[in-house]
Ligand code: UDP
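In our numbering, the protein residues as written are 530 to 832.
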């Protein structure tokens, strides 16, 4: 996102406490005079009055771990960044008059019983399980956004982001694309959880960023929740086989216990994004995986 904004001529302040991010990922942007970085935590109340942030025009609140491995390792941090952190960002938006985009999640639908998931589907979340700290915190973050939109007419937009990937994912991120691609490239076993019949719909990062940019630009997105994702659904086993074929790997595909509450099927309806934003994704899973594999393999900067 920062790279896209800078390439469009924007002045960008990246705020990150490096809970899951890494400073070396800033190498490309660091020398750019249109980019600066602040090591701050959005849950810290002082951020609202930080002198460097008083002229912001647009806030992309993308903070929070998103990988089950990381958000479950720090459940209270996950809850805080999406609730208190969201509230602080809304206060900053109110103070500065900025627009705000909150990155919510397909996990707001939990293990959905309705397919594809439209934004008016209220979901099926287990409050008493390992994914609840993420799902419920994101849902409460949406509530904070709703109240600021309703009470203060703040220009708030909520993006429910579905599985997004590129080689920008850490190799130890734990999510399926980074796991499968790095396993295949290292000729290790490709670890499918369960029987691999569960599905996901994978969106390449450049498409996701385009969707988020349009949400920020368009007044039609104010006070709206919009799914941002690719609506082509794959089983996890199909994904493993595709990664194996595209890498030319001789890795074996092995089967392991399914984590608790792992959603069985997930696919967004992106009709609302098409209608309000004129957006739809353009990168197929095969093309996105080719770019991901190449960047991981050659150590070139990810998109
Ligand atoms: N998964 C898998 N092997 C892995 C990592 C994940 O089979 O090495 C499965 C996981 O059980 C889930 C799907 O891939 O069904 C997507 O998992 P991920 O952690 O990427 O994200 P989620 O969509 O579950 O938050």
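The beta-carbon is built from N, C-alpha and C at its ideal position, and this holds for glycine as well.
In the three-state DSSP reduction, residue 756 falls in the strand class (E or B). The segment 574-582 makes contact with the segment 618-634; the number of CB pairs closer than 8 Å reaches 3 or more. Residue 825 and residue 811 have their C-alpha atoms some 22 Å from each other.
In the DSSP annotation of this structure, the continuous segment of the alpha helix (DSSP H) that includes residue 743 starts and ends at 734-746. Counting only the Cα atoms, residue 732 lies some 17 Å from residue 533.
The residue among 791, 678 and 694 with its C-alpha nearest the C-alpha of residue 723 is 791.
With a cutoff of 7 Å on beta-carbon distance, residue 729 and residue 774 are scored as not near each other. Residue 776 places its beta carbon less than 7 Å from that of residue 822. A distance filter of 7 Å between CB atoms and the heavy atoms of ligand 1 selects the following residues in sequence order: 596, 597, 636, 692, 703, 704, 705, 706, 708, 709, 720, 721, 722, 723, 725, 727, 729, 765, 787, 788, 791, 792 and 795.
Its chain contains 658 and 659 as the residues whose beta carbon lies nearer than 7 Å to that of residue 789, once the 5 sequence neighbours on both sides are disregarded; these appear in chain order. Using a Cβ distance threshold of 7 Å, residue 712 and residue 765 do not count as a contacting pair. C-alpha of residue 693 to C-alpha of residue 758: approximately 7 Å in a straight line.
Straight-line spacing of the CA atoms in residue 575 and residue 613 works out to 12 Å. When only Cα atoms are considered, residue 627 and residue 802 end up about 22 Å apart. An exposed status is given to residue 584, since fewer than 16 other beta-carbon atoms sit within 10 Å of its beta-carbon. Membership of residue 817 in the alpha helix (DSSP H) is indicated by the continuous run 814-827. For the pair residue 675 and residue 798, the Cα-to-Cα distance works out to about 21 Å. Here residue 688 is not near residue 745, since their CB atoms are 7 Å or more apart. In the same chain as residue 815, and ignoring 5 residues on each side of it, the C-beta atoms closer than 8 Å to its own belong to 771 and 775, in chain order.
A straight-line Cα-Cα distance of about 29 Å links residue 550 and residue 648. Between residue 800 and residue 561, the alpha-carbon positions lie close to 37 Å from each other.
When the alpha-carbon of residue 568 is set against those of 610, 552, 556 and 557, the nearest one is in 552. Residue pairing by DSSP places residue 688 opposite 632 and 755 in a beta bridge. Contact between the segment 637-653 and the segment 583-603 is absent: fewer than three C-beta pairs spanning the two stretches fall below 8 Å.
Residue 753 and residue 531 have their C-alpha atoms some 23 Å from each other.
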